[in-house]
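One structure is given here, and the rest of the page talks about it.
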Amino acid sequence: MKLTRSTRAGLLLLACLGGISIPAHGRQVSLEPTSLELSGAPGSREHALVTLQNDSAAETIELTIGLADWSISADGQLDLEPPGIAPGSMADWVRFSPAYVSLAPGEAREILVDIKIPDTASPATSNRTALLASAIAPVSTTDGGSLLRKIEETSLIYLTGRDAESLPVIESITRVLLADGSTALRLEVSNTGTAHARLQGMISMDANGASTSLPLASLVVLPETRRTFLVPLDQPIPENAMVSASLANTHAPQHESGRADLVRYSAPLGEAAPLR
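To convert a position in the sequence shown, counted from 1, into the numbering used here, add 93.
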């Protein structure tokens, strides 16, 4: 069963709530880096360190470390699954230590991630898993009681084969009308390659001699998937505007530099349509 990150965090609370108000809480735990991009050949071994920190100033937190499969939906939702189920999962290749951590307020610990790539792994594909740190922590309610809340943080791990390719293409840019009445650009990108893409660059709109540019950074498109990115517009754009996009893929393992420019996109923007 797929559970989105927000669904998993809320299930425990939804089971307990009955008209009780809970004050807002900041993030209590951080797992850094939030993503690891590794490469390796069949039969090799890769190591990495991830830092787990208790960001609370007053509470000791006890956390269990585990693995999860993951994917990103077309609209950008992170979906977590039990390890070893999803296509491309490398959960069976990964060992980590420690599996349990007790952190005093402000304390940090390093988690060692050890990946043994099988001899039979294809060098033309990519695999992934996520390191998952979770805990059940009490939350004070406004009536003086307490409930249990699930804390969960992930570090997404990508492993790219030496012969894998990342092949992103800008499919379209359209103007959409959001539910609150505001407008946004909808950027559609596909990736037919066997390695993920990580995109950065600029969208530009030109109309009546005026130009508007919107910077983009760290847009991830997984292998053999299509992603939709919404870019909010903070000012009206004329209907006769031309839109163009110049993006670079900073994760292009088939190139020696590790970087490749996408084919530039340019087209009339057109009228806004309701987001579907």
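All C-beta atoms, glycine included, are put in the ideal place defined by N, C-alpha and C.
D212 in three-state terms, based on DSSP
Numbered from 1 along the sequence shown, position 119 holds the residue referred to as residue 212. Secondary structure at D212: coil, using DSSP grouped into helix, strand and coil.
Identify every residue that forms a DSSP beta bridge with Q293.
Looking up residue 293 in the sequence shown gives position 200. The partner list for Q293 (beta bridge, DSSP) reads A341.
Proximity of S219 and P126 at Cβ, strictly below 8 Å
Position 126 of the sequence shown, counted from the first residue, corresponds to residue 219. Position 33 of the sequence shown, counted from the first residue, corresponds to residue 126. Not in contact: S219 and P126 (Cβ atoms no closer than 8 Å).
Going by DSSP, what residue range makes up the beta strand (DSSP E) through L326?
Counting from one through the sequence shown, the residue named residue 326 turns up at place 233. Per DSSP, L326 lies in no beta strand (DSSP E) and is assigned neither H nor E.
Looking only at its chain, what residues have a beta carbon closer than 6 Å to the beta carbon of D162, apart from the 5 residues adjacent to it on each side?
Your numbering for residue 162 matches position 69 in the sequence shown. Within the same chain, D162 has close Cβ partners E174, P176, I178, A179, S182.
Exposed or buried, L362, counting other C-beta atoms within 10 Å across all chains shown (16 or more means buried)?
Taking the first residue of the sequence shown as 1, we reach residue 362 at position 269. In the assembly as shown, L362 is a buried residue. Its beta-carbon has 16 or more other beta-carbons within 10 Å.
Looking only at its own chain, which residues have a Cβ that is under 6 Å from the Cβ of S164, when we skip the five neighbours before and after it?
Numbered from 1 along the sequence shown, position 71 holds the residue referred to as residue 164. Once the five neighbours on either side are set aside, the close Cβ partners of S164 are D172.
For L145, which option in S166, A167, V122 has the closest C-alpha, if you only look at C-alpha atoms?
Within the sequence shown, residue 145 is the residue found at index 52, counting from 1. That would be V122, whose Cα lies nearest to the Cα of L145.
Could you please give me the residues that DSSP links to I178 through a beta bridge?
Counting from 1 along the sequence shown, the entry for residue 178 is found at position 85. Per DSSP, none; premise fails for I178.
Quick check on A360: buried or exposed, where buried means 16 or more other Cβ atoms within 10 Å of its Cβ?
In the sequence shown, the residue the question calls residue 360 occupies position 267. Under this definition A360 is an exposed residue.
Residue from L271, S195, L278, E200 with nearest C-alpha to L323
The sequence position of residue 323 within the sequence shown is 230, counting from 1. In this structure, L278 is the residue among L271, S195, L278, E200 with its C-alpha nearest to the C-alpha of L323.
So, helix, strand or coil for D256, using DSSP?
Your numbering for residue 256 matches position 163 in the sequence shown. Three-state DSSP puts D256 in coil, outside helix and strand.
Rounding to the nearest angstrom, what Cα-Cα distance links D212 and D256 in this structure?
By 1-based counting over the sequence shown, the position of residue 212 is 119. By 1-based counting over the sequence shown, the position of residue 256 is 163. Rounded to the nearest whole angstrom, the C-alpha separation of D212 and D256 is 15 Å.
Report the rounded CA-to-CA distance for S306 versus I330, giving the unit in angstroms.
Residue numbering aside, residue 306 sits at position 213 when the sequence shown is read from its first letter. Residue numbering aside, residue 330 sits at position 237 when the sequence shown is read from its first letter. Rounded to the nearest angstrom, the two C-alpha atoms are 12 Å apart.
Straight-line CA distance for L340 to M295?
Position 247 of the sequence shown, counted from the first residue, corresponds to residue 340. Position 202 of the sequence shown, counted from the first residue, corresponds to residue 295. Per the coordinates, the alpha-carbon of L340 lies some 6 Å from the alpha-carbon of M295.
If you follow the beta strand (DSSP E) that V428 is in, where does it begin and where does it stop?
This structure does not reach residue 428, given that the chain is present from 94 up to 369, and the question cannot be answered.
If I follow the unbroken beta strand (DSSP E) through R357, where does it start and stop?
Counting from 1 along the sequence shown, the entry for residue 357 is found at position 264. Unbroken run through R357: none, as it is neither H nor E.
In DSSP terms, what Q146 is bridged to
For this step, residue 146 is matched to residue 53 along the sequence shown. Per DSSP, S123, A201.
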